[in-house]
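The structure appears right after this line, and notes come after that.
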Amino acid sequence: MLDRRCDSVEKALEGIKDGSRIMVSGFGEAGRPNMLIKGLIDSGVKDIELVSNNAGAGYEGLAMLFRHKMVRKLYCSFPRGSMGAEVKKWVEEGGLEIEVMPQGTLAERIRAAGCGIPAFYTPTAYGTKLAEGKETRMFDGVGHVLETALKADVALVKAYKADRWGNLTYLNLARNFAPLMAMAATTSIVEADEIVELGALEPNIIVTPGICVDRLVTSRRIAENEWGTAA
Amino acid sequence: MLDRRCDSVEKALEGIKDGSRIMVSGFGEAGRPNMLIKGLIDSGVKDIELVSNNAGAGYEGLAMLFRHKMVRKLYCSFPRGSMGAEVKKWVEEGGLEIEVMPQGTLAERIRAAGCGIPAFYTPTAYGTKLAEGKETRMFDGVGHVLETALKADVALVKAYKADRWGNLTYLNLARNFAPLMAMAATTSIVEADEIVELGALEPNIIVTPGICVDRLVTSRRIAENEWGTAA
Amino acid sequence: MTPLTREGIAARLAQDISDGWHVNLGIGMPEQVANYLPEGRDILLHSENGILGMGPTPPEGQEDETLVNAGKKPITMLPGASIFDHALSFGLVRGGHLQLCVLGAYQVAENGDIANWSREDNDPIASVGGAMDLAVGAQRIWVTMQHNDKSGAPRILEHCTYPLTGVGCVKRIYTDLAVIDVTPEGFLVTEIIDGMTPKELQDRSGARLRFADGVGKLLDQTRAA
Amino acid sequence: MTPLTREGIAARLAQDISDGWHVNLGIGMPEQVANYLPEGRDILLHSENGILGMGPTPPEGQEDETLVNAGKKPITMLPGASIFDHALSFGLVRGGHLQLCVLGAYQVAENGDIANWSREDNDPIASVGGAMDLAVGAQRIWVTMQHNDKSGAPRILEHCTYPLTGVGCVKRIYTDLAVIDVTPEGFLVTEIIDGMTPKELQDRSGARLRFADGVGKLLDQTRAA
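Chains as they are written, first to last, in this note's numbering: chain W, 41 to 271; chain U, 41 to 271; chain S, 6 to 230; chain B, 6 to 230.
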């Protein structure tokens with residue numbers, strides 16, 4: 041019987057190695073898998089290469105991965121934010137490396153990894169400093185940049201409803217990067233608001249087919265005081 | 041007021057020029073916009089470059105575009121079929137040119153056109169005769185072929201439900217190429233089983249946002265005897 | 006001679022958006038355009054994080070954490086809104102489907118170059134977001150900005166000095182002083198605030214301006230809306 | 006000595022599909038594998054036209070024109086089925102998400118090359134469908150075919166003579182006479198029908214066969230199912 045449900049967050053996150061590349065879904069707080077992020081912090085994994093549109097904010101959620109110095113490298117489009125000054129300091133101190141890229145390029149690179157496309161040309165960033173050192177090529181007289189697939193060892197993804205095969209739906213703008221990341225990682229781990237009976241999700245409204253998902257847990261909201269303290 | 045509905049099939053198809061490249065959604069009969077195909081035949085447009093996974097069958101629907109000698113070139117993955125012998129004859133007589141490509145490459149080339157990606161690398165067909173003459177490149181020791189976006193002047197698309205802004209849903213396996221084609225053509229023309237009030241489609245289940253659609257008509261089943269006769 | 010307020014710039018630009026357009030409004034001043042869209046037009050707002058048909062800010066207390074815009078501010082959905090993932094969202098952008106994107110800018114050059122994401126070459130947290138995708142992808146880029154920076158330096162230039170966001174993509178600029186088209190022959194002023202002379206505007210600009218026949222008056226439209 | 010029927014080949018292969026696998030079955034003999042899937046395993050069938058969780062043929066009169074497989078035959082949906090567009094469908098294929106694809110073949114070479122789409126170099130309507138995508142994309146390619154063609158010529162070869170579908174991708178072959186792994190050292194027979202000697206099988210093959218220690222008996226599993 042195919043059943044991707046796990047009994048605990050610990051089991052869902054089992055086997056994540058130091059140095060792993062980990063994608064985390066979400067745009068701002070919408071679609072952020074906070075329970076899995078908390079589990080990742082508890083696991084003590086180190087030297088993460090994090091793929092996330094931004095770096096988080098405040099003293100909860102994604103931001104705590106940085107405050108606990110768990111992140112070695114960040115692939116993102118928008119490292120600035122309310123935590124900008126601190127992020128800048130961590131980079132200047134040498135503990136954190138950042139690869140900034142346009143948001144659409146980030147999305148398409150992740151999508152490409154999931155779809156078996158190793159590289160593609162995009163007009164985005166041509167002629168700017170984000171294209172420096174990259175291969176370029178003209179198509180129909182317009183400059184384009186060659187971008188490569190961005191895959192990961194692990195994806196942590198927040199979903200709305202799920203079934204035991206791992207079929208997923210998302211709610212509103214919480215969808216954002218989640219379907220792309222679920223498909224682009226070797227091991228995709230999902231927290232869903234609700235796990236429903238097989239067959240309860242209408243086949244036409246499923247956004248991520250279960251084939252993209254490896255492990256599944258029911259989501260729980262992490263309270264402010266559970267995040268602990270860190271730099 | 042944004043209202044993409046047209047009063048008639050004639051208006052929906054207005055302005056299609058001889059020599060246009062036209063995409064037609066559908067896989068077998070699932071998702072085939074037969075009312076628009078019939079309208080295209082009635083319009084008498086010539087020298088079409090047709091993009092469709094296959095060539096149709098029998099004496100109705102897509103097949104009639106060929107029987108009426110309206111198609112100059114076909115981009116597809118599977119020209120064989122119940123009409124295979126005739127298709128072969130038309131090619132050998134010189135009236136029809138066929139560019140065969142793998143089905144996934146066809147889909148991805150159309151998707152690329154809609155998404156502003158002029159070219160991408162795929163492992164599909166590497167080392168086969170369908171890659172002959174194409175640019176190739178190794179990624180991680182695996183051979184890949186460079187494929188380019190396939191766009192069109194017009195897309196004829198079948199949908200399930202639509203609203204006046206052109207938001208679309210599809211039913212089951214009738215989805216197939218439709219969302220990709222709607223996005224890849226300069227003018228996308230849709231026949232929908234039902235046109236519902238704005239707001240009646242739940243935002244999370246819309247597959248094609250209205251921005252991809254230009255003209256919209258309510259679908260009507262074309263009876264067998266309406267197709268007329270031709271070679 | 007009264008320069009437009011930020012709201013005035015946004016309100017003026019809003020008048021030029023046609024019925025049926027799909028529009029992305031950048032973070033900051035461009036967002037305010039949403040408050041001045043002319044009545045009776047269906048204008049669909051796109052946000053990079055995956056929506057078309059974005060509605061106004063919800064009443065306090067009715068915010069939903071799954072309904073936020075690219076600036077992470079709470080939004081609502083209009084009837085007819087649609088939701089999609091980030092790949093499709095930027096497919097729509099890059100694929101040229103949006104009729105308009107309004108961006109803020111530090112600088113615009115006379116060839117249409119725009120600089121709006123970074124003011125230093127080695128900022129370790131320079132943040133581009135979706136600006137470069139929008140710059141190359143939207144059918145037209147309009148810019149809203151103050152005509153001069155806080156020190157009075159011009160932002161309308163022969164060449165941008167800050168790192169570029171996009172090359173040759175800006176079609177029109179709305180400032181507190183003027184509306185300016187970017188044409189193959191350079192900047193063309195089509196509207197100017199009452200009481201300002203062409204020479205005064207030229208003196209506050211860093212590139213040669215041409216003036217359209219019958220330059221119009223740039224009016225405050227905030228009350229009209 | 007009774008060679009397996011087409012159904013027998015399909016039934017034998019079906020036994021080797023693990024619980025939880027997502028599987029694409031090619032048109033023709035591979036499709037019949039669906040009729041012999043072992044009880045108690047969740048095996049999700051994929052079809053290129055956009056479904057996972059394909060169910061059996063519907064009863065006559067209950068066909069739905071929106072429910073067809075890649076061979077355009079009527080299907081049903083299992084509880085837990087999901088629908089997606091052609092780009093995502095082939096993204097799943099090309100991206101290596103399917104645990105298995107079963108293809109028919111004209112020829113398989115000892116390096117794993119497969120030829121299954123065209124028997125002449127200049128067929129103007131040579132039709133590839135999704136075979137090349139599946140050949141490069143699935144985690145493993147298993148082939149079902151008759152050991153010899155109608156004229157008795159071998160289809161297991163040192164080199165394919167027909168146009169290739171994929172390079173070096175076949176992992177295992179199920180024929181009416183044997184089950185054969187494709188290994189870095191060439192063909193390795195793991196099962197053979199009762200009463201056939203290794204020499205007889207070798208004589209009907211066009212490349213050198215090796216035989217596993219304790220080669221098993223290839224049994225008819227059609228009744229077991």
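C-beta: ideal position from N, C-alpha, C; glycine also. Predicted model only: the values in this text are computed from it and were never measured.
DSSP-derived helix/strand/coil call for residue i
i: Gly-200 of chain S; result: coil
i: Pro-219 of chain W; result: helix
i: Leu-76 of chain U; result: helix
i: Gly-45 of chain S; result: coil
i: Trp-205 of chain U; result: coil
i: Ala-230 of chain B; result: Because the pLDDT at Ala-230 of chain B is just 48, under 50, the model does not fix this residue reliably, and the point stays unresolved.
i: Lys-176 of chain B; result: strand
i: Asn-244 of chain U; result: helix
i: Lys-191 of chain W; result: coil
i: Ser-60 of chain U; result: coil
i: Ser-210 of chain S; result: coil
i: Val-49 of chain W; result: helix
i: Glu-69 of chain U; result: coil
i: Asn-29 of chain B; result: strand
i: Gln-37 of chain B; result: helix
Where residue i falls, given that 16 or more other Cβ within 10 Å makes a residue buried
i: Gln-143 of chain U; result: buried
i: Pro-168 of chain B; result: buried
i: Ser-122 of chain U; result: exposed
i: His-51 of chain S; result: buried
i: Met-82 of chain S; result: buried
i: Glu-231 of chain W; result: buried
i: Ser-48 of chain W; result: exposed
Run of the alpha helix (DSSP H) containing residue i, from where it starts to where it stops
i: Asp-138 of chain S; result: 136-142
i: Val-184 of chain B; result: Here Val-184 of chain B belongs to no alpha helix (DSSP H); instead the beta strand (DSSP E) covers 183-188.
i: Phe-106 of chain W; result: 103-107
i: Lys-86 of chain W; result: Counting along the chain, Lys-86 of chain W falls outside any alpha helix (DSSP H), and DSSP gives it neither H nor E.
i: Leu-18 of chain S; result: 11-19
i: Gln-143 of chain W; result: 143-154
Through-space distance from residue j to residue i, alpha-carbon basis
i: Ile-150 of chain U; j: Val-91 of chain U; result: 9 Å
i: Gln-37 of chain B; j: Glu-12 of chain B; result: 7 Å
i: Gly-98 of chain W; j: Thr-269 of chain W; result: 11 Å
i: Gly-66 of chain W; j: Glu-54 of chain U; result: 43 Å
i: Arg-44 of chain W; j: Thr-227 of chain W; result: 12 Å
i: Pro-189 of chain S; j: Glu-139 of chain W; result: 35 Å
i: Asn-216 of chain W; j: Arg-72 of chain W; result: 10 Å
i: Glu-137 of chain U; j: Lys-78 of chain S; result: 53 Å
i: Ala-230 of chain S; j: Leu-42 of chain S; result: Any reading at Ala-230 of chain S needs caution, since the residue's pLDDT is 48, under 50, leaving its predicted position unreliable; the model's value is listed next. Each residue's Cα considered, the two are about 7 Å apart.
i: Gln-144 of chain B; j: Phe-95 of chain B; result: 14 Å
i: Glu-100 of chain W; j: Ala-19 of chain B; result: 49 Å
i: Glu-44 of chain B; j: Met-41 of chain U; result: 57 Å
i: Val-141 of chain S; j: Gly-156 of chain U; result: 10 Å
i: Thr-10 of chain B; j: Asp-181 of chain B; result: 6 Å
i: Ile-81 of chain U; j: Gly-96 of chain U; result: 14 Å
i: Gly-59 of chain W; j: Ser-123 of chain B; result: 47 Å
i: Lys-51 of chain U; j: Leu-30 of chain S; result: 33 Å
Span of the beta strand (DSSP E), counted from its first residue to its last, around residue i
i: Ser-94 of chain S; result: Taken as a continuous stretch (DSSP letters only), Ser-94 of chain S belongs to no beta strand (DSSP E), being part of the alpha helix (DSSP H) at 91-99.
i: Trp-130 of chain U; result: Unbroken run through Trp-130 of chain U is the alpha helix (DSSP H), 124-133; no beta strand (DSSP E).
i: Tyr-161 of chain U; result: 159-162
Residue i: CB within 6 Å of a non-hydrogen atom of the ligand NAD
i: Ala-158 of chain B; result: Looking for the ligand NAD in the displayed structure turns up nothing, as the structure carries no ligands at all.
- If you pair each beta-carbon of the region 120-140 of chain U with each one of the region 57-66 of chain S, do three or more pairs fall below 8 Å? Taking 8 Å as the limit for Cβ pairs, the verdict is that the region 57-66 of chain S does not touch the region 120-140 of chain U.
- Item | Meets three-Cβ-pair contact criterion under 8 Å: the region 245-260 of chain U and the region 122-135 of chain B | no
- Message: Under 8 Å, with one C-beta from each stretch per pair, do the region 131-140 of chain U and the region 151-167 of chain U reach the 3-pair mark?
- Response: no
- Message: For the region 78-91 of chain U against the region 117-124 of chain U, do three or more pairs of beta-carbon atoms, one drawn from each stretch, fall closer than 8 Å, so that the two count as touching?
- Response: No, the region 78-91 of chain U is not in contact with the region 117-124 of chain U.
- Item | Three CB pairs or more closer than 8 Å across the region 67-86 of chain B and the region 103-122 of chain B | no
- Taking three-plus beta-carbon pairs below 8 Å as touching, is the region 194-204 of chain S in contact with the region 19-26 of chain B? no
- Query: Do three or more CB pairs link the region 237-247 of chain W to the region 194-208 of chain W at distances below 8 Å?
  - Reply: yes
- Spell out a yes or no on whether the region 182-201 of chain W and the region 156-170 of chain S are touching, meaning 3 or more CB-CB pairs, one atom from each, closer than 8 Å. no
- Does the pairing of the region 169-181 of chain W with the region 177-184 of chain S give three or more beta-carbon distances under 8 Å? no
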